[in-house]
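Comments concern the structure below.
Number of protein chains: 2
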Amino acid sequence: MTRRYVVFAPGAFGGREAKTAHGVIGYSSDTVVAVVDPQHAGKRVRDVVPYLDSDAPIVATVRESLRFKPTSLLIGIAPPGGALPPAYRAEIIVALESGLEIVNGLHSFLNDDPEMRALADTHDSRIWDLRTPPAAPLFSGAAYDVTSRIVLMVGSDCAVGKMTAALELTRAAQAAGTAAEFIPTGQTGIAIAGWGTSVDRVIADFASGASEQLVLEGDRRINARGGILFVEGQGGIVHPGYAPVTLALLYGCAPDALVLVHLVTRTKVDGYDIPLPGYRALIRTYEGLCANVKPARVAGIALNTHGLDDAAARAAIAEARAQTGLPCDDLVRFGPDAFYAAIAPQIGKTPVRTDG
Amino acid sequence: MTRRYVVFAPGAFGGREAKTAHGVIGYSSDTVVAVVDPQHAGKRVRDVVPYLDSDAPIVATVRESLRFKPTSLLIGIAPPGGALPPAYRAEIIVALESGLEIVNGLHSFLNDDPEMRALADTHDSRIWDLRTPPAAPLFSGAAYDVTSRIVLMVGSDCAVGKMTAALELTRAAQAAGTAAEFIPTGQTGIAIAGWGTSVDRVIADFASGASEQLVLEGDRRINARGGILFVEGQGGIVHPGYAPVTLALLYGCAPDALVLVHLVTRTKVDGYDIPLPGYRALIRTYEGLCANVKPARVAGIALNTHGLDDAAARAAIAEARAQTGLPCDDLVRFGPDAFYAAIAPQIGKTPVRTDG
C-alpha cells in the first residue's frame, strides 16, 4: 500500500527523540501529510528540521491532522526503554477511531494492548508493531555463503547516523549502476523499507541468527551475484547497554567491509560519563572482533557533521582523514557519491577464518 | 522447598547435551534420586559420569523413577535452540500426571503449552521455566557503584566450564573466610542456586540491563562491603552466535576482574569451522573491550582438562602458565583453593573509565 502518514511526535519533533519521524520524512517513499507536535503547531517541518528534503505542516492534535486525509499514524518518537507514555494514549485512540492504521516503533506493542486491539478491530484498521520479532533461529553460518558483498555500518555510538549512511550508500551504489539493497535492522529502517527486523527486540541468544536471516533475505531480494547489501548498524561497541546488539550484527551479518559512522560533536557514550575512543581505537576494536571470525576492514568513515558550519565540517573531515588515511566524508552534507566511489574498490568478498 | 529430583536426560546422559543434568547433580543442594535415560538404564550416575561427586540410579522411564519418591522432574538436556523434542512430551506428561513439579531449562516454556499448563493445574503441580526472563530495564550504570568486588568468568567458547569455575571459586572464597556469592546467569546455574536470570533469553536491548540487575541482587544478598560476586559467564567472545550474550555480561556486570575459562581439548568454536584464538589473543580481546568502559584484567585461567590424564593435565596447565604468566589450574581436578589464593590478591575494585 502507499501510505499517507501523519507523524505523531508531540513535544519532541525538533529533538533527537524524534529520529524515527525524521528518518521516515527524509527517506520513506510514502508521503508524510502532517506532523503532530503542539510545541511547533503552525510551523512546517523544514522550519524545525531544515536539513530534511520533504516538507509538511505541523498541527497540534491528531484530530486537526485528519483534514490532510492520512491513511496511517506513525508513532514518531523513540523514548529510552521504548514504552508508550500514558499521555499519548488518548491521541492514538483518536487515530484508531478515525480508522487510521497505527505504525508503532516502540518496544511495547500496541497489538498486545486489549483496548487498542479492540479499537483497531472495531474500526477495521491495522496496528503494525515494527519491532515484532520474528521466530529467529540460532546463527547457522549460512551468511558466510551469501554471494552479495555485505557492508555493515558500525558506529562510535548510538544515534550518530548509521541508518542514514546505509540509505545514502544504497542510493549512491544504485546511481553508479550497482545492484544494492538497504538492510533494515531497526524500527525506523523497517518503516522506511517496509521489511526488516528490529534486532534489539530479538531474544539475545537469537540476535545473531536474526541478523543472519536479514542478509540472507537481502541477498534474495537483489538476486544478483556481486551486488552490495548495506546493513543499517545499531548501537556502538563501547556502549554498555547496546553493544550486545552491535556485536550481534557484526558477527551475524558476516560483513565483508565496515563503514565507521561518527557524529563529530559526540565525545562521550550517549547517557554515560564514558569517553568515546578515537577513530583508530574504534577501528582496531571493530576489525579486531571481525578478525576472530571473518575478517573485515573499515573501508571509510561516514561523518555526521550536523551542527557545524561548512568550514568546520570540512576541517573535521580532514582531521579524520589525517588520523586514519581512510576516505572520510559527510554523506548528507556533501552527498554520498564521492565517498561511495572511494570505498567501492575496497569492498570485496572475504572468507570466514578457518586457519589455526 | 527441598527437592527430590528425577533428572530427565533420555539418550543424552553421558554427553555434553546433558550439562544441565550434570551441573545439578554436581552442585545443587537438592537431592537427585534418579536419572531417566534408557540408554544407560541399570547403571548408576558415576558409572557414566565418573567425575561427579553424587550418585543415583539410572532408569529407563519416568514411571520407573517414581518408586524413588521424587518431588520434581528436571529436564536435564539442553539441545541447541532450546526447543522440547516432541518425543519427550509423553514422558513429561507422565511426570505431571504423577504430581511432580517440572523444572524446565529449555528456551520453549512449558507454562505456555496449554496441555502442560492444564495438566499442572489439574494435578496441583508446578512448572518452573528456569529461563523466564524478568522485565529487565536498560543498563543504568548502577553496577558501577556496587561495593562488592565482581569477578566474571569469560570463556574461550561455550560449554567449557564457566559455571563450574564460578561455583568452585565461590566455595573456595567462602572456605577462606571471604563473603562470596555465586551469580547464576543461565538455566543450570538458576536450578542450582534457586535464583538468577538466563541472560540469553532476555531481549537483546535489555541483556546488559538484566546482567546489571544480577550483580545488584548479588550485592544485596551478601550484604558485605568487600565481598566477592563470582559471575557465571555465557558463550564466548568469538562465538558467532553467542558472543552478544557474552558481551552483555562483560559490560552489564561491570566486572573488576576476569577469570578466563578454557577446555584444553577445544580447538575450534563449538559447531563452526572457526579456530579458537590462543590465550594471549583471548585475553587481549576481553581486556580490550573492558578497557573501553571499565578496565578489568584477567586474574587467572581456569582450565578444564577433562579427558586428559593427570600428567597431560599438568602439562597443559604449565603450558598456559608459560604463555601468559598467570595463575592457571584445573579447579575440579586439583581443587579451587590454590588457584583462589593465587588470584585473590589481584581482585580489587576498578573504577569506570571517565578520562578522555
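Same order as they appear, the protein sequences are chains A and B. If you're matching positions, the first sequence starts at 548 in the working numbering and goes up one per residue. If you're matching positions, the second sequence starts at 548 in the working numbering and goes up one per residue. By construction, the Cβ of each residue, glycine as well, lies at the ideal position given by its N, Cα and C atoms.
**Request:** Return helix, strand or coil for Tyr598/A, following the three-state DSSP convention.
**Result:** Here residue 598/A refers to the residue found at position 51 of the first sequence. In the structure shown, Tyr598/A sits in coil (DSSP, three-state: anything other than H, G, I, E or B).
**Prompt:** Over what stretch of residues does the beta strand (DSSP E) that includes Tyr552/B continue unbroken?
**Reply:** As a working note, residue 552/B is residue 5 in the second sequence. Residues 551 to 555.
**Asked** Leaving out five residues before and five after Arg813/A in sequence, what residues of the same chain have Cβ atoms less than 7 angstroms from its Cβ?
**Response** By 1-based counting over the first sequence, the position of residue 813/A is 266. Same-chain partners within the cutoff: Ser703, Asp704, Val707, Leu823.
**Item:** the segment 742 to 749 of chain A touching the segment 677 to 687 of chain A, judged by at least three CB pairs closer than 8 angstroms
**Value:** yes
**Asked** Are any of the Cβ atoms in chain B nearer than 7 angstroms to that of Ala888/A?
**Response** The residue labelled residue 888/A in the question sits at position 341 within the first sequence. It does not; no Cβ of chain B falls within 7 angstroms.
**Request:** List the endpoints of the continuous alpha helix (DSSP H) containing Met663/B.
**Result:** For the purposes of this step, residue 663/B is taken as the residue at position 116 of the second sequence. Element bounds for Met663/B: 661 to 669.
**Request:** State yes or no: is the beta carbon of Arg610/B nearer than 7 angstroms to at least one beta carbon in chain A?
**Result:** Stepping through the second sequence from its first residue, residue 610/B is reached at position 63. With 7 angstroms as the cut-off, Arg610/B does not count as an interface residue toward chain A.
**Request:** Can you give me, in chain order, the residues of the segment 741 to 775 of chain A that have a beta carbon less than 8 angstroms from any beta carbon in chain B?
**Result:** From the segment 741 to 775 of chain A, only Val746, Asp747, Arg748, Val749, Ile750, Ala751, Asp752, Ala754, Ser755, Gly756 have a Cβ closer than 8 angstroms to chain B.
**Request:** Consider the Cβ of Phe656/B: report whether some Cβ of chain A lies at a distance smaller than 7 angstroms.
**Result:** Position 109 of the second sequence, counted from the start, is the residue given in the question as residue 656/B. No - not a single Cβ of chain A is within 7 angstroms of the one on Phe656/B.
**Asked** So what does DSSP say about Leu823/A, is it helix, strand or coil?
**Response** Numbered from 1 along the first sequence, position 276 holds the residue referred to as residue 823/A. Note: Leu823/A maps to coil in three-state DSSP.
**Prompt:** Within the present structure, is the beta-carbon of Ala828/A separated from the nearest heavy atom of the ligand SAM by less than 6 angstroms?
**Reply:** Summarising the ligand content, the structure contains no ligands, and the ligand SAM is consequently not present.
**Request:** Tell me whether Ala568/B is buried or exposed, calling it buried when 16 or more other Cβ atoms sit within 10 Å of its Cβ.
**Result:** Here residue 568/B refers to the residue found at position 21 of the second sequence. Ala568/B is buried by the Cβ-count criterion.
**Item:** the segment 584 to 597 of chain A touching the segment 635 to 645 of chain A, judged by at least three CB pairs closer than 8 angstroms
**Value:** No contact exists between the segment 584 to 597 of chain A and the segment 635 to 645 of chain A.
**Item:** Under 8 angstroms from the C-beta of Asp902/B: neighbouring residues of chain A
**Value:** Start at 1 with the first residue of the second sequence, and residue 902/B comes out as number 355. Here the neighbours are Pro822.
**Message:** Strictly below 8 angstroms CB to CB, what residues from chain A border Val596/B?
**Reply:** Walking along the second sequence from the start, residue 596/B turns up at place 49. The contacting residues do not exist; Val596/B stays about 26 angstroms from chain A at best.
**Prompt:** If you draw a straight line from the alpha carbon of Leu647/A to that of Arg664/A, how long is it in whole angstroms?
**Reply:** Reading the first sequence from its first residue, position 100 is the one you call residue 647/A. Reading the first sequence from its first residue, position 117 is the one you call residue 664/A. Leu647/A and Arg664/A: Cα-Cα distance of roughly 13 angstroms.
**Any chain B beta carbon closer than 7 angstroms to Val811/A** = One-based indexing of the first sequence puts residue 811/A at position 264. Cβ-Cβ to chain B under 7 angstroms: no for Val811/A.
**Asked** Is the CB of Pro898/B under 7 angstroms away from at least one CB in chain A?
**Response** Start at 1 with the first residue of the second sequence, and residue 898/B comes out as number 351. False, the Cβ-Cβ gap to chain A never drops below 7 angstroms.
**Message:** Let me make sure I understand the geometry here. Which of Leu794/B, His786/B, Ile784/B, Tyr789/B has the alpha-carbon closest to that of Gly788/A?
**Reply:** Your numbering for residue 788/A matches position 241 in the first sequence. Of the listed residues, the one whose Cα sits closest to Gly788/A is Leu794/B.
**Prompt:** Under the three-state reduction of DSSP, which class applies to Cys875/B: helix, strand or coil?
**Reply:** Taking the first residue of the second sequence as 1, we reach residue 875/B at position 328. DSSP places Cys875/B in strand when its eight states are reduced to three.
**Per-residue DSSP class, three states only, for Val499/B** = Outside the displayed span of chain B (548 to 903) sits residue 499/B, for which this structure offers no information.
**Request:** Locate the alpha helix (DSSP H) running through Ile769/A, then write down its first and last residues.
**Result:** By one-based count along the first sequence, residue 769/A stands at place 222. Bounds of the alpha helix (DSSP H) holding Ile769/A are 754 to 769.
**Request:** For Tyr819/B, return the contacting residues in chain D, with the cut-off set at a CB-CB distance below 7 angstroms.
**Result:** Among the chains of the structure shown, chain D does not appear; the protein chains present are A and B.
**Asked** Looking only at its own chain, which residues have a Cβ that is under 6 angstroms from the Cβ of Thr578/A, when we skip the five neighbours before and after it?
**Response** On the first sequence, position 31 is the one that residue 578/A refers to. Closer than 6 angstroms at the Cβ level, and outside the excluded window around Thr578/A, lie Arg551.
**Request:** Assuming Glu728/A contacts Ile784/A (C-beta within less than 8 angstroms), just tell me the rounded distance between them.
**Result:** As a position in the first sequence, residue 728/A is number 181, starting the count at 1. As a position in the first sequence, residue 784/A is number 237, starting the count at 1. Not really, about 24 angstroms apart at Cβ, beyond 8 angstroms.
**Request:** Measure the C-alpha to C-alpha separation of Val650/A and Trp675/B and round it to an integer number of angstroms.
**Result:** Position 103 of the first sequence, counting from 1, holds the residue named residue 650/A. Position 128 of the second sequence, counting from 1, holds the residue named residue 675/B. Approximately 36 angstroms, taken between the alpha carbons.
**Prompt:** Of the residues Met548/A, Thr897/A, Gly872/A, Tyr887/A, which one's Cα is nearest the Cα of Gln721/A?
**Reply:** Position 174 of the first sequence holds residue 721/A. Nearest to Gln721/A by C-alpha distance, out of Met548/A, Thr897/A, Gly872/A, Tyr887/A, is Tyr887/A.
**Item:** Interfacial residues, the segment 788 to 800 of chain B to chain A, with Cβ spacing under 8 angstroms
**Value:** Gly788, Tyr789, Ala790, Pro791, Val792, Leu794, Ala795, Tyr798, Gly799
**Request:** Starting from Gly741/A, follow the alpha helix (DSSP H) in both directions and report where the run begins and ends.
**Result:** Walking along the first sequence from the start, residue 741/A turns up at place 194. From DSSP, Gly741/A is part of no alpha helix (DSSP H); its letter is neither H nor E.
**Item:** Cβ-based contacts, 9 angstroms cut-off: residues of the segment 632 to 653 of chain A near chain B
**Value:** none
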